[in-house]
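Novice: Residue numbers (this note's numbering): -2 to 248.
Okay, here's the structure, questions in a sec.
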């Protein structure tokens, strides 16, 4: 039920379109760390029961780009739970993840994406529980927080450094489950605690019932703060917002 072809130095032409045609019961396929320069959608068409697909670094020695469109994962949509695409150049087309309603884990670390629109396409993965996003370019890290519809997300790995987040001006964290009492292991609060130059912050629909003073106190440049549609019934201190001298809009 599993097939591991990783690190086998597979090169162009060594995997034909019909290679997996008789493997309908296959559950796990690993093609990572090879020298494949092209993957045809038809190559995966018979893998209707596949649960885990690993295509990490499949173009090690080429300028290979994985093209993902609305039909790429159509055959395996009912069972695919784990998808690994890290270390590749990927071009995402509209609705490419739309059919993956059962996907629980996605790894697109070190993937160079072209635009904010491509990041937004990940929002269709509403059942995702584990997401790995370690980007080459720190400028892309801001865009991952547009993932506002992943309400089941339990683990987010972005390897963010303090210096990377201090430059951000706008942060959208709406519709995330955020712990009102921050800990050292809480990614969202780690980021918020280092956003010294933040001017716009959206924490709406985050199921918050408490506002912690020490999180907001360092955001002295904050202009707009959205706390709407939460269950806030307590603010840590009367002077919680006193340090926000530039705050002009709070909702």
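Positions of the beta carbon are idealized from the N, C-alpha and C atoms, including for glycine.
As the structure is a computational prediction, the values presented were derived from the model and not from experiment.
(1) Got a sec, what are the start and stop residues for the alpha helix (DSSP H) residue 213 sits in?
(2) Since residue 51 sits in a beta bridge, which residues does DSSP pair it with?
(3) For residue 40, which three-state DSSP category applies?
(4) Flag this pair as yes or no: are the beta carbons of residue 97 and residue 119 separated by less than 8 Å?
(5) Quick one: is residue 37 buried, meaning 16 or more other Cβ sit within 10 Å of its Cβ, or exposed?
(6) Out of 5, 201 and 239, which one is the CA nearest neighbour of residue 223?
(7) Rounded to a whole number of angstroms, what is the C-alpha to C-alpha distance between residue 79 and residue 167?
(8) Can you find the residues in the same chain that come closer than 8 Å, C-beta to C-beta, to residue 74, ignoring five residues on each side of it along the sequence?
(9) Mind checking which residues open and close the beta strand (DSSP E) that includes residue 206?
(10) When you compare only the Cα positions, how much space is there between residue 24 and residue 102?
(11) Sorted by chain position, which residues of the same chain lie with C-beta nearer than 6 Å to residue 104's C-beta, five sequence neighbours on each side aside?
(12) Reducing DSSP to helix, strand and coil, say where residue 310 ends up.
(13) In three-state DSSP terms, what is residue 235?
(14) Within 10 angstroms of its Cβ, does residue 108 collect 16 or more other Cβ (buried), or is it exposed?
(15) Classify residue 56: buried if its beta carbon has 16 or more other beta carbons within 10 angstroms, exposed otherwise.
(16) By Cβ distance below 6 Å, which residues in the same chain neighbour residue 231 in space, the five residues on each side in sequence not counted?
(17) Once you ignore the five residues that flank residue 88 on each side, which residues in its own chain have a CB closer than 6 Å to its CB?
(18) Going by alpha carbons, who is nearest to residue 42 out of 19, 197, 199 and 33?
(19) Around the Cβ of residue 4, are there at least 16 other Cβ atoms within 10 angstroms (buried) or fewer (exposed)?
(20) Look up residue 194 in the DSSP assignment and say whether it is helix, strand or coil.
(21) Which residues share a DSSP beta bridge with residue 167?
(22) Thinking just about the alpha-carbon of each residue, which of 220, 236, 240 and 239 is nearest to the one in residue 248?
(23) Throw me the rounded Cβ distance for the residue 0 and residue 26 pair, which I believe falls under 8 Å.
(24) So the candidates are 90, 94, 106 and 69; which of them puts its Cα closest to the Cα of residue 125?
Specialist: The short version:
(1) Stepping through the chain shown from its first residue, residue 213 is reached at position 216. Its alpha helix (DSSP H) spans residues 210 to 213.
(2) In the chain shown, the residue the question calls residue 51 occupies position 54. Looking at the DSSP assignment, residue 51 forms a beta bridge with 27 and 81.
(3) Locating residue 40 in the chain shown gives position 43, counting from the first residue. Here residue 40 sits in helix by DSSP.
(4) As a working mapping, residue 97 is identified with position 100 in the chain shown. As a working mapping, residue 119 is identified with position 122 in the chain shown. No, the pair does not count as a contact, with Cβ atoms beyond the cut-off.
(5) Working through the chain shown from its first residue, we reach residue 37 at position 40. Per the 10 Å Cβ criterion, exposed.
(6) By 1-based counting over the chain shown, the position of residue 223 is 226. Nearest option by C-alpha distance: 201.
(7) As a first step, residue 79 must be located in the chain shown, where it is residue number 82. As a first step, residue 167 must be located in the chain shown, where it is residue number 170. Distance between the alpha carbons of residue 79 and residue 167 is about 31 Å.
(8) In the chain shown, residue 74 corresponds to position 77, counting from 1. Cβ neighbours of residue 74 beyond the five flanking positions: 96, 97, 98 and 99.
(9) As a working mapping, residue 206 is identified with position 209 in the chain shown. No beta strand (DSSP E) contains residue 206, which DSSP labels as neither H nor E.
(10) In the chain shown, the residue the question calls residue 24 occupies position 27. In the chain shown, the residue the question calls residue 102 occupies position 105. If you take the alpha carbons of residue 24 and residue 102, they lie about 15 Å apart.
(11) Within the chain shown, the letter at position 107 stands for residue 104. Closer than 6 Å at the Cβ level, and outside the excluded window around residue 104, lie 81, 83 and 129.
(12) In the structure as shown, the chain begins at -2 and stops at 248. Residue 310 is therefore absent and cannot be evaluated.
(13) Mapped onto the chain shown, residue 235 falls at position 238. In the structure shown, residue 235 sits in coil (DSSP, three-state: anything other than H, G, I, E or B).
(14) Taking the first residue of the chain shown as position 1, residue 108 is located at position 111. Residue 108 is buried by the Cβ-count criterion.
(15) Sequence index remark: in the chain shown, residue 56 carries index 59 (1-based). The residue is buried, with at least 16 neighbouring Cβ atoms inside 10 Å.
(16) On the chain shown, residue 231 is found 234 positions in, with the first residue counted as 1. Around residue 231: 207.
(17) Stepping through the chain shown from its first residue, residue 88 is reached at position 91. Counting only Cβ-Cβ distances below 6 Å, and skipping sequence neighbours, we find 62 and 64.
(18) Residue mapping note: residue 42 aligns to position 45 of the chain shown, counting from 1. Selected option, being the one with the closest Cα: 19.
(19) What you label residue 4 is simply residue 7 of the chain shown in a count that begins at 1. Classification of residue 4: exposed, given that the 10 Å Cβ count is below 16.
(20) Residue mapping note: residue 194 aligns to position 197 of the chain shown, counting from 1. In the structure shown, residue 194 sits in coil (DSSP, three-state: anything other than H, G, I, E or B).
(21) Position 170 of the chain shown, counting from 1, holds the residue named residue 167. In the DSSP output, where bridge partners are listed per residue, residue 167 has 197.
(22) Counting from one through the chain shown, the residue named residue 248 turns up at place 251. Nearest of 220, 236, 240 and 239 to residue 248, Cα basis: 220.
(23) Walking along the chain shown from the start, residue 0 turns up at place 3. Walking along the chain shown from the start, residue 26 turns up at place 29. Going by Cβ atoms, the distance from residue 0 to residue 26 rounds to 5 Å, so yes, they are a contact pair.
(24) On the chain shown, residue 125 is found 128 positions in, with the first residue counted as 1. Comparing Cα-Cα distances from residue 125 to each of 90, 94, 106 and 69, the minimum goes to 94.
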